[in-house]
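Take 181 as the starting number for the sequence shown in the working numbering and just add one per residue. Glycine is no exception: its CB is placed at the ideal position from the N, C-alpha and C atoms.
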Amino acid sequence: MVARETCAALVNATSADLAYLQSMIDRLSDTIGEVAADEGVAFVDMRDIEGWQEHSGCAAPEEQWVRALNPYGDGAPLHPSTAGMAQMADQALKVIEPLVRARRASAWRVAAAAHTVRLHAVCHGPARRSDVTLRVTGGKGLATAAIFHIGGTTVGADTRAPFALTRSARPLRDLRGSVHAKVTLKHGPVSHTTSVRTSRPKCLR
């Protein structure tokens with residue numbers, strides 16, 4: 181942040197100069213913030229730190245968070261002092277730590293839910309014209325999609341609970357390989373895909 185008013189430490193800088201410099205800082209910060217939001221990335225806005233004006237380059241040297249033209253052996257002209265960098269580090273932690281805690285909590289919930297996912301294959305109908313239903317259960321409400329496979333062939337998908345697929349058994353009998361599904365679970369910012377298998381039911385043998 182730039183001092184709002186001129187002072188001896190800023191030498192010949194005018195109020196218009198300071199306003200222009202701050203407008204460039206605002207433009208850059210706003211642009212970075214917009215891109216971060218579009219990409220789903222956290223953005224730490226250093227302008228949110230309280231006290232910048234009281235600790236500008238016009239303050240006493242030991243009180244400055246941002247230097248004016250004289251860095252006093254600590255920092256660089258128009259850049260943060262050690263004290264200013266400490267304030268910026270605190271602001272970064274203030275923004276990021278809650279996000280890290282939330283992500284860890286989400287990762288734990290997704291991992292625990294993944295262990296409960298099961299795949300079932302059930303035959304029904306007359307033996308000569310039977311159907312087979314592939315159904316995913318478990319997931320503690322975090323499942324968002326299931327893709328069903330027999331061997332290397334995808335036989336269908338479902339993106340809504342109860343995550344089930346019913347097909348005629350006859351055309352699936354010739355497919356070689358295990359009956360399995362890839363199930364996606366999501367909580368907060370964390371998404372994870374787990375694979376589950378089941379034995380081939382009688383109608384697919």
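For residue i, name the three-state secondary structure that DSSP assigns.
{"i": "Pro381", "result": "coil"}
{"i": "Gly305", "result": "coil"}
{"i": "Val297", "result": "coil"}
{"i": "Ala326", "result": "strand"}
{"i": "Arg227", "result": "helix"}
{"i": "His259", "result": "coil"}
Which first and last residues belong to the alpha helix (DSSP H) in which residue i is found?
{"i": "Leu273", "result": "262-294"}
{"i": "Thr346", "result": "Premise fails: Thr346 lies in the beta strand (DSSP E), 344-348, not in any alpha helix (DSSP H)."}
{"i": "Asp218", "result": "195-219"}
So residue i and residue j are supposed to be a Cβ contact under 8 angstroms. How far apart are they, rounded?
{"i": "Ala337", "j": "Leu365", "result": "So it is not a contact: roughly 15 angstroms between Cβ atoms."}
{"i": "Ala293", "j": "Gly331", "result": "That pair is no contact at about 27 angstroms."}
{"i": "Arg377", "j": "Val359", "result": "7 angstroms"}
{"i": "Ile327", "j": "Ala361", "result": "6 angstroms"}
{"i": "Val290", "j": "His372", "result": "5 angstroms"}
{"i": "Thr339", "j": "Thr313", "result": "17 angstroms between Cβ atoms; not a contact."}
If we count the other Cβ atoms within 10 Å of its Cβ and call it buried at 16 or more, is residue i buried or exposed?
{"i": "His259", "result": "exposed"}
{"i": "Arg309", "result": "exposed"}
{"i": "Ala181", "result": "A small correction: the amino acid at residue 181 is Met; Ala does not occupy that position in the sequence shown. Buried."}
{"i": "Arg184", "result": "exposed"}
{"i": "Cys238", "result": "buried"}
{"i": "Val236", "result": "Looking at the sequence shown, residue 236 is not Val but Ser. Buried: at least 16 other Cβ atoms inside 10 Å."}
{"i": "Ala193", "result": "buried"}
{"i": "Arg315", "result": "buried"}
{"i": "His295", "result": "exposed"}
Hey, quick one: how far does the beta strand (DSSP E) through residue i stretch, first residue to last?
{"i": "Ala337", "result": "333-338"}
{"i": "Val312", "result": "311-317"}
{"i": "Leu352", "result": "No beta strand (DSSP E) holds Leu352; DSSP gives it neither H nor E."}
{"i": "Val246", "result": "Neither: Val246 is in no beta strand (DSSP E) and is coded neither H nor E."}
{"i": "Thr364", "result": "359-367"}
| Okay, do the region 267-281 and the region 217-236 touch, 3+ Cβ pairs below 8 angstroms being the bar? | The region 267-281 vs the region 217-236: in contact.
| said: Between the region 281-288 and the region 257-271, can you find at least three pairs of beta-carbon atoms closer than 8 angstroms? | reply: The region 257-271, when compared against the region 281-288, does not touch it at the 8 angstroms Cβ threshold.
| Between the region 355-370 and the region 286-305, do three or more beta carbon pairs fall short of 8 angstroms? | Taking one beta carbon from each stretch, the region 355-370 and the region 286-305 have 3 or more pairs nearer than 8 angstroms; the two touch.
| message | Three Cβ pairs or more, each shorter than 8 angstroms: is that satisfied between the region 194-205 and the region 246-256? | response | At 8 angstroms Cβ cutoff, the stretches do not touch.
| message | If contact is defined by three or more beta carbon pairs under 8 angstroms, each pair taking one atom from either stretch, is the region 290-308 in contact with the region 375-382? | response | Enough Cβ pairs lie closer than 8 angstroms, so yes.
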